[in-house]
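*Asks:*
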Amino acid sequence: MSSDIKNFGFPRWGSYGRDKETEAVRMCDYTGCSERGDHPAPKSPGSSERWHFCRPHAAEYNQNWNFFEGMSAEETKQHMNDTSESSGAFAGARTFEWGGAMDSDGNSSAELAAYDVLEVDADSSPDLIKKQYRKLAKIYHPDANSGDPAAATRFHEVQTAYDILRKKHNF
Ligand SMILES: [Zn+2]
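For the working numbering, count along the sequence shown from 1 and bump the result up by 5.
#1: In whole angstroms, give me the CA-to-CA distance for A63 and A115.
#2: Given this structure, state the Cα-to-Cα distance separating K48 from E40, to the nearest angstrom.
#3: Roughly how many angstroms lie between the CA atoms of S89 and N67, to the nearest whole one?
#4: In whole angstroms, what separates the C-alpha of R159 from that of K140?
#5: When DSSP builds the beta bridges, which residues end up paired with A166?
#6: Is E40 close to ligand 1? I mean its beta-carbon at under 7 angstroms from any heavy atom of the ligand.
#7: Do the CB positions of Y138 and A127 come within less than 8 angstroms of each other?
#8: Can you give me the Cβ contacts of A157 inside the same chain, cut-off strictly under 6 angstroms, excluding the 5 residues immediately before and after it?
#9: Please classify E151: is it buried, with 16 or more other beta-carbons within 10 angstroms of its beta-carbon, or exposed?
#10: Identify the continuous beta strand (DSSP E) that holds R139 and give its terminal residues.
#11: Could you pull out every residue in the same chain whose Cβ sits closer than 7 angstroms to the Cβ of K136, ignoring the five residues on either side in sequence?
#12: Should F58 be listed as close to ligand 1, given that the test is whether its C-beta is under 7 angstroms from any heavy atom?
#13: Following a CB-centred definition, is Y186 positioned closer than 7 angstroms to any heavy atom of ligand 1?
#14: Applying the criterion that 16 or more other CB atoms from any shown protein chain within 10 Å of the CB defines a buried residue, is H174 buried or exposed?
#15: Hey, would you say P61 sits closer than 8 angstroms to A166, going by beta carbons?
#16: Helix, strand or coil: how does DSSP classify H161 here?
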């Protein structure tokens, strides 16, 4: 692993393979995100190395793919460092600020992914979003799934998605 990659703006990266060799759960590589990184994405066009993001961050990264295309690894690193430094502590807010890409209705790709996770339309009311969150949180709650890792992953995705939409809609 080169020092470039180790210092790519993802502090957790440096600990992989060192003091976390027995850690089975891979965390999202996005700075400040504490979700599981179950969604691999190439680090640069043509690269065989992968980031591992949570679902909203993978969607965000993929959405920005065209933006990064043509940049050198150094330029990409610079950009991601800059944007992560200018954002707040809340992972959902970071996602929002990082995402320059908006659809025609002003939704960032992370927000669109969040609607997708909660299985609601992008024009859903806050009441419906809350209702759907409670329903899915109940279905995937660890207590209801005997510690099933897939359910736990889904539960965290649902929580992350709800946080993103709660920020967006201010409820
Ligand atoms: Zn993430």
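Beta carbons are placed, not taken as given, at the ideal position from N, Cα and C, and that holds for glycine.
*Replies:* Walking through what the data contain:
#1: The sequence position of residue 63 within the sequence shown is 58, counting from 1. The sequence position of residue 115 within the sequence shown is 110, counting from 1. Between A63 and A115, the C-alpha separation is close to 9 angstroms.
#2: Taking the sequence shown and counting its residues from 1, the one referred to as residue 48 is at position 43. Taking the sequence shown and counting its residues from 1, the one referred to as residue 40 is at position 35. Annotation: K48 to E40 spans about 19 angstroms, alpha carbon to alpha carbon.
#3: For this step, residue 89 is matched to residue 84 along the sequence shown. For this step, residue 67 is matched to residue 62 along the sequence shown. Bear in mind that the predicted position of S89 carries a pLDDT of just 46, short of 50, making it unreliable; the figure below should be weighed with that in mind. Their Cα atoms are separated by approximately 17 angstroms.
#4: What you label residue 159 is simply residue 154 of the sequence shown in a count that begins at 1. What you label residue 140 is simply residue 135 of the sequence shown in a count that begins at 1. Taking the straight line from one Cα to the other gives about 13 angstroms.
#5: Mapped onto the sequence shown, residue 166 falls at position 161. Per DSSP, none; premise fails for A166.
#6: Locating residue 40 in the sequence shown gives position 35, where the first residue counts as 1. Relative to ligand 1, the beta carbon of E40 is positioned inside 7 angstroms of a heavy atom.
#7: Reading the sequence shown from its first residue, position 133 is the one you call residue 138. Reading the sequence shown from its first residue, position 122 is the one you call residue 127. Cβ atoms of Y138 and A127: not closer than 8 angstroms.
#8: Residue mapping note: residue 157 aligns to position 152 of the sequence shown, counting from 1. P147, listed in sequence order.
#9: Walking along the sequence shown from the start, residue 151 turns up at place 146. Checking the sequence shown, residue 151 turns out to be Ser, not Glu. It is exposed - the Cβ of S151 has fewer than 16 other Cβ atoms within 10 Å.
#10: Within the sequence shown, residue 139 is the residue found at index 134, counting from 1. Per DSSP, R139 belongs to no beta strand (DSSP E); it is in the alpha helix (DSSP H), P131 to Y145.
#11: On the sequence shown, residue 136 is found 131 positions in, with the first residue counted as 1. Excluding residues within five positions, none has a Cβ falling inside 7 angstroms.
#12: Start at 1 with the first residue of the sequence shown, and residue 58 comes out as number 53. Answer for F58: yes, Cβ within range of ligand 1.
#13: This structure leaves residue 186 out entirely; the chain is present only between 6 and 176.
#14: Translated into the one-based positions of the sequence shown, residue 174 becomes position 169. Here H174 is exposed: its Cβ has fewer than 16 other Cβ atoms, across all protein chains shown, within 10 Å.
#15: Residue mapping note: residue 61 aligns to position 56 of the sequence shown, counting from 1. Residue mapping note: residue 166 aligns to position 161 of the sequence shown, counting from 1. For P61 and A166, yes; Cβs fall inside 8 angstroms.
#16: Working through the sequence shown from its first residue, we reach residue 161 at position 156. Reduced to three states, the DSSP call for H161 is helix.
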